[in-house]
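Some notes on the structure that comes next.
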Amino acid sequence: MKEALPSITIDPNLCRRCGACVDECPADVFIGSGETSVPAVGMIGFCISCGHCVALCPAGAISHEAYPDGTVTGVDQGLLPSYEQMTALFTSRRSIRTFSTKPVEREAIERIIEAARFAPTAHNSQSTEYIV
């Protein structure tokens, strides 16, 4: 059975014609320059339902049925680490293979899994499973 194509719309009254959706869609669903006109939803069959278009639209003009209002969270720039913090994290990372027998609290495990589920997956398949 063939999967139904998602419904994606662009509100022409909200669209800023910045072209971000055209430039950034990993599946090239949107067409047009975006500079003078509202981009069109073109190759809907190529949509991988990643939600990137909804997340990156600065005007909130894109609606995607897989991502109803309130399901895509914008980035709080104030929470992002600085370049120096990221560099310190990357350069100090080590694989430690000495383990403790101390139990890990359930809440800590749940928080780790909740954060990990936002990691990108190929075609947004979200096929990763966690066994605890």
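For the sequence shown, the numbering used here begins at 225 and goes up steadily by one. From the three backbone atoms N, C-alpha and C, an ideal C-beta is built for every residue, glycine too.
Original post:
Among residues of its own chain, excluding the 5 on either side of L280, which ones have a beta-carbon nearer than 8 Å to its beta-carbon?
Top reply: A244, C245, E248
Subject >> Runs of beta strand (DSSP E) lying entirely within the region 284-325, each at least 3 residues, in chain order >> reply: 286-288
Original post:
Per DSSP, which one or two residues make a beta bridge with T345?
Top reply: Per DSSP, none; premise fails for T345.
Original post:
Which stretch, first to last residue, makes up the beta strand (DSSP E) that contains I337?
Top reply: Not the beta strand (DSSP E): I337 falls in the alpha helix (DSSP H), residues 330-340.
Original post:
For A264, which beta-bridge partners are listed by DSSP?
Top reply: I255
Original post:
What's the gap between the Cα of H316 and the Cα of M310?
Top reply: At residue 316 the sequence reads Ser, which differs from the His that was named. Approximately 10 Å, taken between the alpha carbons.
Original post:
In its own chain, which residues sit with a C-beta less than 6 Å from the C-beta of C271, not counting the 5 before and 5 after it?
Top reply: P230, A251, V253
Subject >> C-alpha distance - A332 paired with I286, whole-angstrom precision >> reply: 35 Å
**OP:** Below 8 Å CB to CB, which residues in the same chain sit around I268 once its five sequence neighbours on both sides are set aside?
**Re:** L229, P230, I232, V253
**OP:** Tell whether a beta-carbon distance below 7 Å holds between A283 and L238.
**Re:** yes
Original post:
In terms of alpha-carbon separation, which member of E353, T345, D300 lies closest to S273?
Top reply: T345
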